[in-house]
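Student: Pasting in a structure now, in structure tokens, and then I'll have a few things to ask.
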Amino acid sequence: MPIQVNKIFNANIYLDGTNNLIGRAAEVTLPEISVATSEHSGLGMVGTLELPAGLQAMTLQIKWSGFYADHMKAGANPFKAHKFQVRGSVETYGAEGRVAEAPVVWHITASWKKAALGGVKPKEAAEFEDELAATYVKVVHDGKELLEVDVLQNIWRAAGEDVLANYRKNIGG
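Heads up: the sequence shown begins at 217 in the numbering used here, then just goes up one per residue.
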């Protein structure tokens, strides 16, 4: 197979399924899937090892391109979660130039931890950057699920494989 390169040059974000925020978000930092580990060592072992023990908290960050009352209103209540969708286009390049394009969609459920009130300087655009606590993330590329994590429902799927099936069975869930 010839070497190909994938790039995403732009995306759009949606709030609660219908609110198209095109041009409103200047930058989105998607949640990281970071595994919490527990260190193990024992008699006869020449070293230690880290074993997976769950997931770290996930955070979504959004830097806004300006002041928008609807996002400020949504972030004012930290007890209400919101559904976000970030949609991008993965462009594949090869020796012949761009050879393919496919959608990538990140589905995220999150609630505001920090709703930025911004900073104002003379002759400069005000900046607003919010931080949200995410409880759900799903990544779909070209119609195929790559990852789904729902912390509250004990769901963790990797490329369709239910990683926590035995765990839920063992704890009676």
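Glycine residues also receive a C-beta, built at the ideal position from the N, C-alpha and C atoms.
Spell out the partners DSSP gives Gln-301 in its beta bridges.
Tutor: According to DSSP, which records beta bridges pairwise, Gln-301 is partnered with Tyr-230 and His-323.
Student: Confirm, please, whether the CB-CB distance from Ile-224 to Gly-313 is below 9 Å.
Tutor: Result no, Cβ atoms of Gly-313 and Ile-224 do not sit closer than 9 Å.
Student: Measure the alpha-carbon distance for Lys-329 versus Ala-311 and round it to whole angstroms.
Tutor: Approximately 45 Å, taken between the alpha carbons.
Student: What does DSSP give as the partner residues of Ile-278 in its beta bridges?
Tutor: In the DSSP output, where bridge partners are listed per residue, Ile-278 has Val-244 and Asp-346.
Student: With DSSP run on the structure shown, which of helix, strand or coil describes Lys-296?
Tutor: The answer is coil: DSSP assigns Lys-296 none of H, G, I, E or B.
Student: What does a CB cutoff of less than 6 Å around Ala-316 pick up in its chain, not counting 5 residues either side in sequence?
Tutor: Answer for Ala-316: Thr-308, listed in chain order.
Student: Report the rounded CA-to-CA distance for Val-306 versus Leu-246, giving the unit in angstroms.
Tutor: If you take the alpha carbons of Val-306 and Leu-246, they lie about 16 Å apart.
Student: Please determine if the segment 289-304 and the segment 257-268 are in contact, where contact requires at least 3 C-beta pairs separated by less than 8 Å.
Tutor: No, the segment 289-304 does not touch the segment 257-268.
Student: Quick check: the segment 234-249 against the segment 261-270, are at least 3 beta-carbon pairs closer than 8 Å?
Tutor: The segment 261-270, when compared against the segment 234-249, does not touch it at the 8 Å Cβ threshold.
Student: For Asn-370 and Leu-265, I'd like the C-alpha separation in whole angstroms.
Tutor: Spanning the two alpha carbons is a distance of roughly 25 Å.
Student: Hey, could you find the ends of the beta strand (DSSP E) Asp-366 is sitting in?
Tutor: Segment 360-366, the beta strand (DSSP E) holding Asp-366.
Student: Per DSSP, which one or two residues make a beta bridge with Pro-338?
Tutor: Answer is none; Pro-338 lacks a bridge partner.
Student: Since I believe Val-356 is in contact with Ile-324 (beta carbons under 8 Å), could you give me their beta-carbon distance rounded to a whole number of angstroms?
Tutor: At roughly 12 Å, the Cβ-Cβ gap does not stay under 8 Å, so Ile-324 and Val-356 are not in contact.
Student: Work out the CA separation of Thr-253 and Val-379 for me, nearest whole Å.
Tutor: Distance between the alpha carbons of Val-379 and Thr-253 is about 16 Å.
Student: Helix or strand or just coil, what does DSSP make of Ala-332?
Tutor: If DSSP states are grouped into helix, strand and coil, Ala-332 belongs with coil.
Student: Can you name the residues that DSSP bridges to Glu-312?
Tutor: In DSSP, Glu-312 forms no bridge with anything.
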